[in-house]
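Structure first, then comments.
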Amino acid sequence: MRVSRLMLVTLRDDPAEAEIPSHKLLLRAGYIRRVASGIYAYLPLLFRVLQKISAIVREELNATGALETLLPQLQPADLWQRSGRWSGYTAGEGIMFHLSDRQGRELGLGPTHEEVITALAADLLRSYRQLPVNLYQIQTKFRDEIRPRFGLMRGREFIMKDGYSFHADEASLRECYAEMDRAYRRIFSRCGLKTVAVEADSGAIGGSASQEFMVTAEAGEDLILSSGDGSYAANQERAVSLAPEGVPLAAQPCRDLATPSQTSIEALAAAHGFDPTQIVKVLLLLARCADGSLLPVLVSLRGDQLLNEVKLANGVSARLAPEQGGLLSIEPLTADLVRTERLPLDLAAIPFGYLGPDLSDAVLASTEARSGLGNAALSSKPQPRLIPKLLRLTDPTAAQLDAFVCGGNSPDRHRVGASWAGLGLKPEVVDLRAAQPGDRCLHDSNQNLVASRGIEVGHIFQLGRKYSEALGARFTNESGTEEALWMGCYGIGVSRLAQAAVEQNHDSNGICWPVAIAPFEVIVVIANLQEPSQRQLGEELYTSLLAAGLDALLDDRDERAGVKFKDADLLGIPWRVVVGRGAKDGQVELVQRQGSLKRELAAGDLLAELPGLIGAERSGLLA
RNA sequence: CGGGGCGUGGCGCAGCUUGGUAGCGCGGGUGCUUUGGGAGCACUAGGUCGCAGGUUCGAAUCCUGUCGCCCCGACCA
418 MRVSRLMLVT LRDDPAEAEI PSHKLLLRAG YIRRVASGIY AYLPLLFRVL
468 QKISAIVREE LNATGALETL LPQLQPADLW QRSGRWSGYT AGEGIMFHLS
518 DRQGRELGLG PTHEEVITAL AADLLRSYRQ LPVNLYQIQT KFRDEIRPRF
568 GLMRGREFIM KDGYSFHADE ASLRECYAEM DRAYRRIFSR CGLKTVAVEA
618 DSGAIGGSAS QEFMVTAEAG EDLILSSGDG SYAANQERAV SLAPEGVPLA
668 AQPCRDLATP SQTSIEALAA AHGFDPTQIV KVLLLLARCA DGSLLPVLVS
718 LRGDQLLNEV KLANGVSARL APEQGGLLSI EPLTADLVRT ERLPLDLAAI
768 PFGYLGPDLS DAVLASTEAR SGLGNAALSS KPQPRLIPKL LRLTDPTAAQ
818 LDAFVCGGNS PDRHRVGASW AGLGLKPEVV DLRAAQPGDR CLHDSNQNLV
868 ASRGIEVGHI FQLGRKYSEA LGARFTNESG TEEALWMGCY GIGVSRLAQA
918 AVEQNHDSNG ICWPVAIAPF EVIVVIANLQ EPSQRQLGEE LYTSLLAAGL
968 DALLDDRDER AGVKFKDADL LGIPWRVVVG RGAKDGQVEL VQRQGSLKRE
1018 LAAGDLLAEL PGLIGAERSG LLA
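Following this line, the structure appears as structure tokens:
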């Protein structure tokens, strides 16, 4: 390709719309253009990068026996209703773009493809003899992200490799999961990325085990907690650790304590000399379910600990009845929320700031039930259905306390020396605390968790039988009985990966692509187009490099040399051949974009050497 | 959705407080000079100041509404 024909437009200034280096550079170097928020055009240069990434993904997946396929992006609502995800994905905070066709049938624009693929599996897979099967596709996904961000990092339309495997038993699923783990490591390594595999939460996809692959970068959206020895790494939303040792409260008879306006752990601890670890912190939250029901949740944690909302959402989800249709959201139950949502709750009955773990379900009795005066007439909103029983969940840090300080369930009153038995409670213990950097590791208490940031470029899940059961994807096993398929699913954010590669490989002059995914491997720069010897040698070299099988780009623009050097650096082409003053003697200059190599050599020697140099880097495997 | 910020030639910005001529740098075109790290000079084209309404003799500037974009939080490849 010739730069003169490339529709190349590079920008001198950072575009105002971009914040992080990779986004700025992709815009400045002419790789992408924004069309709308979270929606980008992939220009020819980036398209080549995406093709190269895709080729690596295909090679590695095909080598495992996975089958490439292509599924519809326009998906009927009933498939999603059958899996139980339609309302969760379309209502409220749902991320699925959806529409009605001319017949009034509802459709969704695929944010992911579990439903479609599982319905196909139900149709096609009948016998254990066909299993296991692993299908994948590389295709555009649509997600109405709450906040699109950072260019290709979080787009509303993006390219994803998604794969789904089907198995006769869990052991086969585990095997495939492990194989995908290995394939993913090879893929990212071949793309020239430094990644770390971390334990992850399964999120809305569901299922049991899951692991994310993070490109380590400052601009990453995720917080990773890992041990120094490298044996443990997890996304913070999933991470577990040992809480710091607490200061035990001496066993004593339970007594009341006047605590006017001491509604925070800090105030309470400061006023009475308690250590925060002696206090049980009680949080009241409200879970919204897909069927419209509202479930109040009472969480107890040790006073020094923070709530991990992902763990809480998982804990609550697991305790919902099937007819509640899944959890939509969970948020603190505050006086403001009661008012703005017109919840049928008597605010006066809830002693905010003084909640104890034994808060009575009676506080949920509605005002109208108590006074006979409804406020429903004031609102046109339908009254949400409030479940009149608290779901009480307790973190181990709180459950393990023998004696503690907690709220007295009435204003300005706490209790000292309370105990679970004394309060008449048998706590339902669930891990709910957020692990923090500096916490001791579970596997080795001599090590501490350290924080780093990462960009999630891949995620693999063991789904189990959630979707196959919901969509009736069954097969006949060896003994002739029918059972649901075991499933795994595996994703790679292809367009995100391209930007993550820039985030990890750039300098003050521009992008430094790893050879394996660079749009071009070498750029031949004719320093002065007006000089016939330079022009001729440049053209010859370009043709020869192409013939040698290299992805070569020729900068044949009639610009000053400096302009062409700047652009070559900005574009990030890994190797540059300068045909300049030495051209009349057949000498050229070879420059490596990232690194210190820079030397003069005869054009003939260059042709002999460069294919070998680039070929060695092309495989991309990091040492 | 809550909080913060921004919309002025293709790009980056000033002008707005205190209403009166739309300006700078980069980029584009032409010519001459220059030619190994974003050249110089000259000429030149290009703007409904996001949009709608209002106040005013007069609005980029003041007021109201609206749309779009970016950043911080919940979402996720």
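Position 218 of the first sequence, counting from 1, maps to 635 under our numbering, and the rest follow consecutively.
Virtual Cβ for every residue (Gly too), placed ideally from N, Cα, C.
These numbers come from a predicted model, not from an experiment.
Check your understanding: Can you name, in chain order, every residue of its own chain whose Cβ lies under 8 Å from the Cβ of Glu436, other than the five neighbours on each side?
Key -> For the purposes of this step, residue 436 is identified with residue 19 of the first sequence, where counting begins at 1. Phe567.
Point to revise | Ordered list of beta strand (DSSP E) runs contained in the region 539 to 623, each at least 3 residues | key: Qualifying beta strand (DSSP E) stretches, in chain order: 550 to 559, 574 to 584, 612 to 616.
Exercise for review: Look up Ala707 in the DSSP assignment and say whether it is helix, strand or coil.
Suggested key: Numbered from its first residue, the first sequence carries residue 707 at position 290. If DSSP states are grouped into helix, strand and coil, Ala707 belongs with coil.
Check your understanding: Whose C-alpha, out of Gly871, Ile877, Gly773, is nearest the C-alpha of Arg832?
Key -> Here residue 832 corresponds to residue number 415 of the first sequence, with the count starting at 1. Nearest to Arg832 by alpha-carbon distance, out of Gly871, Ile877, Gly773, is Gly773.
Review point. Which residues mark the beginning and the end of the alpha helix (DSSP H) in which Ala1020 is found?
Key: Your numbering for residue 1020 matches position 603 in the first sequence. 1020 to 1035 is the span of the alpha helix (DSSP H), which, as asked, contains Ala1020.
Point to revise | Segment limits, beta strand (DSSP E) that includes Gln520 | key: By 1-based counting over the first sequence, the position of residue 520 is 103. Boundaries cannot be given for Gln520, as no beta strand (DSSP E) includes it and DSSP labels it neither H nor E.
Review point. Unbroken beta strand (DSSP E) runs of length 3 or more, entirely within the region 869 to 944: which are they?
Key: The region 869 to 944 contains these whole beta strand (DSSP E) runs: 891 to 893, 899 to 901, 903 to 910, 939 to 943.
Practice item. Using 10 angstroms around the beta-carbon of Leu428, count the other beta-carbons present and answer buried if the total reaches 16, otherwise exposed. Key: Your numbering for residue 428 matches position 11 in the first sequence. Counting Cβ neighbours within 10 Å, Leu428 comes out exposed, since fewer than 16 surround it.
Exercise for review: Starting from Glu1006, follow the beta strand (DSSP E) in both directions and report where the run begins and ends.
Suggested key: One-based indexing of the first sequence puts residue 1006 at position 589. 1004 to 1009 is the span of the beta strand (DSSP E), which, as asked, contains Glu1006.
Point to revise | Selected residue, minimal CA-CA separation from Leu1024, among Val420, Gly997, Thr960 | key: The residue you call residue 1024 lines up with position 607 of the first sequence. Comparing alpha-carbon positions, the option among Val420, Gly997, Thr960 lying closest to Leu1024 turns out to be Thr960.
Check your understanding: Among residues of its own chain, excluding the 5 on either side of Leu460, which ones have a beta-carbon nearer than 8 Å to its beta-carbon?
Key -> Reading the first sequence from its first residue, position 43 is the one you call residue 460. Correct list, in chain order: Met424, Gly447, Tyr448, Ile449, Arg450.
Point to revise | C-beta atoms of Lys558 and Val474 nearer than 9 Å | key: As a working note, residue 558 is residue 141 in the first sequence. As a working note, residue 474 is residue 57 in the first sequence. For Lys558 and Val474, no; Cβs fall outside 9 Å.
Point to revise | Which of helix, strand or coil DSSP assigns to Glu957 | key: Taking the first sequence and counting its residues from 1, the one referred to as residue 957 is at position 540. Helix, per DSSP.
Practice item. Taking only the alpha-carbon atoms, compute the straight-line gap between Glu616 and Leu750 and give it to the nearest angstrom. Key: Counting from one through the first sequence, the residue named residue 616 turns up at place 199. Counting from one through the first sequence, the residue named residue 750 turns up at place 333. About 30 Å.
Check your understanding: Can the beta-carbon of Val1005 be found closer than 9 Å to that of Lys1015?
Key -> Residue 1005 sits at position 588 when you count from the first residue of the first sequence. Residue 1015 sits at position 598 when you count from the first residue of the first sequence. Contact flag unset, no.
Check your understanding: According to DSSP, is Val846 helix, strand or coil?
Key -> Within the first sequence, the letter at position 429 stands for residue 846. Three-state result, Val846: strand.
Exercise for review: Could you say if the region 860 to 871 and the region 498 to 515 meet the contact criterion of at least three C-beta pairs nearer than 8 Å?
Suggested key: By the C-beta criterion, the region 860 to 871 is judged not to be in contact with the region 498 to 515, since fewer than 3 inter-stretch pairs fall below 8 Å.
Review point. Are there three or more Cβ pairs, one per stretch, closer than 8 Å when the region 818 to 836 is compared with the region 735 to 753?
Key: Flag = no, the region 818 to 836 and the region 735 to 753 do not touch.
Exercise for review: Can you tell me which of the three DSSP states Arg974 falls into?
Suggested key: Locating residue 974 in the first sequence gives position 557, counting from the first residue. Here Arg974 sits in coil by DSSP.
Check your understanding: Can you give the Cα-Cα distance for Glu654 and Gly742, rounded to whole angstroms?
Key -> Within the first sequence, the letter at position 237 stands for residue 654. Within the first sequence, the letter at position 325 stands for residue 742. When rounded, the distance between both Cα atoms is 23 Å.
Exercise for review: Go ahead and pull the three-state DSSP assignment for Ile534.
Suggested key: Residue mapping note: residue 534 aligns to position 117 of the first sequence, counting from 1. Residue state, collapsed to three classes: helix.
Practice item. Below 8 Å CB to CB, which residues in the same chain sit around Leu723 once its five sequence neighbours on both sides are set aside? Key: Taking the first sequence and counting its residues from 1, one reaches residue 723 at position 306. Excluding residues within five positions, the ones whose Cβ falls inside 8 Å are Arg850, Ala851, Gln853.
Review point. When we look at the beta-carbon of Asp540 and count the other beta-carbons within 10 Å, is it buried (16 or more) or exposed?
Key: Indexing the first sequence from 1 puts residue 540 at position 123. The residue is exposed, with fewer than 16 neighbouring Cβ atoms inside 10 Å.
Practice item. Could I get the ranges of all uninterrupted beta strand (DSSP E) runs contained in the region 726 to 789, with 3 residues as the minimum, in chain order? Key: Qualifying beta strand (DSSP E) stretches, in chain order: 744 to 749.
Check your understanding: Can you name the start and end residues of the alpha helix (DSSP H) that Ala382 belongs to?
Key -> Summary: the structure shown does not reach residue 382, with the chain confined to residues 418 through 1040, and so no result is reported for it.
Check your understanding: In chain order, which continuous runs of the beta strand (DSSP E) of length 3 or greater are located wholly inside the region 440 to 478?
Key -> Residue ranges of uninterrupted beta strand (DSSP E) with 3 or more members, entirely inside the region 440 to 478 and ordered along the chain, are 449 to 453, 456 to 459.
Point to revise | Beta-carbon proximity check, Leu967 vs Leu914, cutoff 9 Å | key: Mapped onto the first sequence, residue 967 falls at position 550. Mapped onto the first sequence, residue 914 falls at position 497. When the beta-carbon positions are compared, Leu967 and Leu914 stay at least 9 Å from each other.
Review point. Taking the C-alpha atoms as reference points, what is the distance between Ile943 and Ala985?
Key: Within the first sequence, residue 943 is the residue found at index 526, counting from 1. Within the first sequence, residue 985 is the residue found at index 568, counting from 1. Straight across, the Cα-Cα distance linking Ile943 with Ala985 is about 12 Å.
Exercise for review: Mark Ile1031 as exposed unless 16 or more other C-beta atoms lie within 10 angstroms of its C-beta, in which case mark it buried.
Suggested key: Walking along the first sequence from the start, residue 1031 turns up at place 614. Buried, by the Cβ-count rule.
Review point. If you run the structure through DSSP and keep just helix, strand and coil, what is His689?
Key: Taking the first sequence and counting its residues from 1, one reaches residue 689 at position 272. Here His689 sits in helix by DSSP.
Point to revise | Candidates Ser643, Gly839, Gly527, Asn922: closest to Leu859 by CA position | key: The residue labelled residue 859 in the question sits at position 442 within the first sequence. Looking at the Cα atoms, Ser643 is the closest of the given residues.
Review point. With a Cβ-Cβ cutoff of 9 Å, do Gln492 and Gly527 count as a contact?
Key: For the purposes of this step, residue 492 is identified with residue 75 of the first sequence, where counting begins at 1. For the purposes of this step, residue 527 is identified with residue 110 of the first sequence, where counting begins at 1. The answer is yes: Cβ separation under 9 Å.
Practice item. Using beta-carbon positions only, say whether Ile534 and Val911 come within less than 9 Å of one another. Key: Sequence index remark: in the first sequence, residue 534 carries index 117 (1-based). Sequence index remark: in the first sequence, residue 911 carries index 494 (1-based). Inclusion of Ile534 and Val911 in the CB contact set at 9 Å is not warranted, their separation being larger than that value.
Review point. Are Arg974 and Lys983 close, meaning C-beta to C-beta below 9 Å?
Key: On the first sequence, residue 974 is found 557 positions in, with the first residue counted as 1. On the first sequence, residue 983 is found 566 positions in, with the first residue counted as 1. Cβ distance not < 9 Å, so Arg974 and Lys983 don't count as in contact.
Check your understanding: If you count every other CB in all the chains shown that lies within 10 Å of the CB of Gly908, and 16 or more means buried, which is it?
Key -> By 1-based counting over the first sequence, the position of residue 908 is 491. The residue is buried, with at least 16 neighbouring Cβ atoms inside 10 Å.
Exercise for review: With DSSP collapsed to three states, give me the class of Arg952.
Suggested key: Taking the first sequence and counting its residues from 1, the one referred to as residue 952 is at position 535. Here Arg952 sits in helix by DSSP.
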